[in-house]
Amino acid sequence: MRQESIALTSIRGFAALWVVAMHFQLGMADVGYSPWPGLAHYGYAGVDIFFILSGFILTVVYRGLEWRGVGAFLTRRAFRVYPMHLAVLAGMLIVWLDAYMRFGVHNEAQQLRWLPVCALLLQPFVYHRLMWNAVSWSISIELICYLLFPIVIMRLRHASLPILAAVILVFGAVEHHLQIVDLYVWGDGAIARGVIGFGLGMALRLVTERYPAPSALATSLIELVGLVGILGSASTGQGPFIPLFAALLIVGLSYERGIVAWGLNARWCLWLGKISFSVYLIHEEIIGLVWPHFPASRLPFSHHVDGVVWTLMVLGIVLVLATVTWYCIEEPFRRLGSWLARRIERYEPSALPRPMATAAAPLLERPVAG
195 MRQESIALTS IRGFAALWVV AMHFQLGMAD VGYSPWPGLA HYGYAGVDIF FILSGFILTV
255 VYRGLEWRGV GAFLTRRAFR VYPMHLAVLA GMLIVWLDAY MRFGVHNEAQ QLRWLPVCAL
315 LLQPFVYHRL MWNAVSWSIS IELICYLLFP IVIMRLRHAS LPILAAVILV FGAVEHHLQI
375 VDLYVWGDGA IARGVIGFGL GMALRLVTER YPAPSALATS LIELVGLVGI LGSASTGQGP
435 FIPLFAALLI VGLSYERGIV AWGLNARWCL WLGKISFSVY LIHEEIIGLV WPHFPASRLP
495 FSHHVDGVVW TLMVLGIVLV LATVTWYCIE EPFRRLGSWL ARRIERYEPS ALPRPMATAA
555 APLLERPVAG
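No gaps in the numbering here: position 214 of the sequence shown is 408 in this note's numbering, and each next residue is one more.
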């Protein structure tokens, strides 16, 4: 796997769009619109894909992490997650205050007493409901995975192949089970959902790195089986298999030599992957802001066309704003976090190998939060 995996960066963007499609579907179905039927129902799996992808990529980048490098590692992770999260919360607070001062609107899902909890990303562990920016529950779980990562990688990287194979089989079975039992978005269930996916991604990377890269033909076959498996599972109502096929797709894409990876190397795919975190965090709020002022019913087309046109219009707004926030918030703070981490590393020069510039995802994510 080369220093920057464009394909793995790009796939994040499509996972984020899948989550967005699900929330469009859920939000508009109540008023008689169904712009993205079928596959959109399983958009929650985009969050599980984020967990697996995050574990896989962080293992690529930080496989040699030692205790002296944990501070720099966590600094980079914090600056990757918190700035954009806090910026979205600040925007929501401004909108909330405007509505409250002008109209006396009181939203049960946005109580001020819970704002500090949400800002610290502690909400899944404090109360059993989605509040403020609902999708941020998965970011809270990501932080748990980040905290566990140094301990796990230092133990797991020396494990034998039979042990790693057992981990993959057990975690894969539990992942499938969790998809059937419940799609938890808070509490112990949410932690298990994130840790299992993240751990599965870690174990897969530790196994695949021990073998030479397969041929381009074999890699393309792995990618296509994973991709067709995802689409087939979603179209036939077999949603619990989606994360498993996604894990296979991620493995294939990591070699950067298959036909699917070639397609994902397009510039627009890479752009979509880079702004995926912003897309994920802001899309529900944009939908909620636009609909009351300009619902689909105000469009001059047929009922079905109105829903599709409105969805594309709002999606365009989301992509534009996500690009702006990526340039103005995500990227500057990511660089600041890297600068601070390098300052920490100066005092511990052997602490941590310089991380490769890869597509390390924060997970994004989030699924069924809508």
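No residue lacks a Cβ here, since even glycine has one placed at the ideal position from N, Cα and C.
Quantities reported herein were computed from a predicted structural model and do not represent experimental measurements.
*Cβ contact (3+ pairs, closer than 8 Å) linking the segment 448-455 and the segment 413-424*: yes
*Taking 8 Å as the cut-off, decide whether the C-beta atoms of L400 and R351 are in contact.*
In the sequence shown, residue 400 corresponds to position 206, counting from 1. In the sequence shown, residue 351 corresponds to position 157, counting from 1. Going by C-beta atoms, L400 is nearer than 8 Å to R351.
_H279 vs L247 beta-carbon contact at 8 Å_ = The count along the sequence shown starts at 1 and reaches residue 279 at position 85. The count along the sequence shown starts at 1 and reaches residue 247 at position 53. Their beta carbons are not under 8 Å apart, which means H279 does not touch L247 by this criterion.
_Extent of the continuous alpha helix (DSSP H) run through C463_ = Position 269 of the sequence shown holds residue 463. Where C463 is concerned, the enclosing alpha helix (DSSP H) stretches over R461 to K468.
*First and last residue of the alpha helix (DSSP H) that includes G383?*
Here residue 383 is taken as the residue at index 189 of the sequence shown, counted from 1. From DSSP, the alpha helix (DSSP H) with G383 extends over G381 to T402.
*Below 8 Å between beta carbons: does that hold for H217 and I481?*
As a first step, residue 217 must be located in the sequence shown, where it is residue number 23. As a first step, residue 481 must be located in the sequence shown, where it is residue number 287. Against a cut-off of 8 Å, the Cβ pair of I481 and H217 comes out as a contact.
*asked:* Tell me which residues share the same chain as A545 and place their Cβ nearer than 7 Å to its Cβ, disregarding the 5 neighbours each side in the sequence.
replied: To locate residue 545, count along the sequence shown from 1; it is residue 351. Note on A545: pLDDT 47, under 50, position unreliable in the model; no value is reported.
*R536 versus V311: straight-line alpha-carbon distance, rounded*: Here the question's residue 536 lines up with position 342 in the sequence shown. Here the question's residue 311 lines up with position 117 in the sequence shown. Rounded to the nearest angstrom, the two C-alpha atoms are 30 Å apart.
*asked:* Please classify T519 as buried or exposed, where buried requires at least 16 other C-beta atoms within 10 Å of its C-beta.
replied: The residue you call residue 519 lines up with position 325 of the sequence shown. Answer is buried; the Cβ neighbour count reaches 16.
*Helix, strand or coil at P437 according to DSSP, with G and I counted as helix*: The residue labelled residue 437 in the question sits at position 243 within the sequence shown. Three-state DSSP puts P437 in a helix.
*Collapsed DSSP secondary structure at G285 in the structure displayed*: Numbered from its first residue, the sequence shown carries residue 285 at position 91. Three-state DSSP puts G285 in a helix.
_Using a Cβ-Cβ cutoff of less than 6 Å, which residues in the same chain neighbour R387 once the five nearest sequence positions on both sides are dropped?_
Within the sequence shown, residue 387 is the residue found at index 193, counting from 1. Counting only Cβ-Cβ distances below 6 Å, and skipping sequence neighbours, we find L372 and Y378.
*asked:* In whole angstroms, give me the CA-to-CA distance for L202 and Y340.
replied: Residue mapping note: residue 202 aligns to position 8 of the sequence shown, counting from 1. Residue mapping note: residue 340 aligns to position 146 of the sequence shown, counting from 1. Spanning the two alpha carbons is a distance of roughly 19 Å.
*DSSP on T519, reduced to helix/strand/coil?*
Locating residue 519 in the sequence shown gives position 325, counting from the first residue. T519: helix per DSSP, three-state reduction.
*Assign R257 to one of three DSSP states: helix, strand, or coil.*
As a working note, residue 257 is residue 63 in the sequence shown. The answer is coil: DSSP assigns R257 none of H, G, I, E or B.
*Is P356 helix, strand or coil when you go by DSSP?*
Walking along the sequence shown from the start, residue 356 turns up at place 162. Looking at P356 - three-state DSSP - the assignment turns out to be helix.
*How many Å lie between V254 and R492 at the Cα?*
In the sequence shown, the residue the question calls residue 254 occupies position 60. In the sequence shown, the residue the question calls residue 492 occupies position 298. Cα-Cα distance, rounded: 49 Å.
*Grab the span of the alpha helix (DSSP H) containing Y340 for me, first residue to last.*
On the sequence shown, residue 340 is found 146 positions in, with the first residue counted as 1. That run of the alpha helix (DSSP H) goes W331 to L350.
*Spatial distance of F273 from L475 (CA atoms)*: Indexing the sequence shown from 1 puts residue 273 at position 79. Indexing the sequence shown from 1 puts residue 475 at position 281. Rounded to the nearest angstrom, the two C-alpha atoms are 15 Å apart.
*asked:* Quick check: F245 and F471, are their CB atoms within less than 8 Å of each other?
replied: In the sequence shown, counting from the first residue as 1, residue 245 sits at position 51. In the sequence shown, counting from the first residue as 1, residue 471 sits at position 277. No, the pair does not count as a contact, with Cβ atoms beyond the cut-off.
*Report all residues from its chain with a CB closer than 6 Å to the CB of I200; omit the five preceding and five following residues, and keep chain order.*
Taking the sequence shown and counting its residues from 1, one reaches residue 200 at position 6. Cβ within range, chain order: N459 and L464.
*Go ahead and pull the three-state DSSP assignment for F488.*
For the purposes of this step, residue 488 is taken as residue 294 along the sequence shown, with counting starting at 1. Residue state, collapsed to three classes: coil.
*Just checking my contact of H577 with V214 at CB under 8 Å: how many whole Å lie between their CB atoms?*
Outside the shown range of the chain (195 to 564) lies residue 577, about which nothing can therefore be said.
*L287 versus L306, T269 and L358, residue with shortest Cα-Cα distance*: For the purposes of this step, residue 287 is identified with residue 93 of the sequence shown, where counting begins at 1. Here the closest residue by C-alpha is L306.
*Between which two residues does the alpha helix (DSSP H) carrying W326 extend?*
The residue given as residue 326 occupies position 132 in the sequence shown. Note, W326: premise wrong, no alpha helix (DSSP H); not H, not E.
_Assuming the contact rule is C-beta atoms closer than 8 Å, N327 and E479 should be a hit. Round their C-beta distance to whole Å, please._
Position 133 of the sequence shown, counting from 1, holds the residue named residue 327. Position 285 of the sequence shown, counting from 1, holds the residue named residue 479. Rounded, the Cβ-Cβ distance is 7 Å, consistent with contact.
*Are the Cβ atoms of G446 and G207 separated by less than 8 Å?*
Reading the sequence shown from its first residue, position 252 is the one you call residue 446. Reading the sequence shown from its first residue, position 13 is the one you call residue 207. Not in contact: G446 and G207 (Cβ atoms no closer than 8 Å).
*CA-CA distance, V624 and M507?*
For residue 624 there is no data in the structure shown, the boundaries of the chain being 195 and 564.
*Give every residue of the same chain whose Cβ lies closer than 6 Å to the Cβ of E559, excluding the five residues on either side of it in the sequence, and list them in chain order.*
In the sequence shown, residue 559 corresponds to position 365, counting from 1. In this prediction, E559 has a pLDDT of 36, which is less than 50 and means its spatial position is unreliable; what the coordinates show is noted afterwards. So the list reads V241, F244, S332 and Y474, once near-sequence residues are dropped.
*In chain order, what residues of the same chain lie with their CB nearer than 6 Å to the CB of G423, ignoring the 5 residues before and after it?*
By 1-based counting over the sequence shown, the position of residue 423 is 229. F439.
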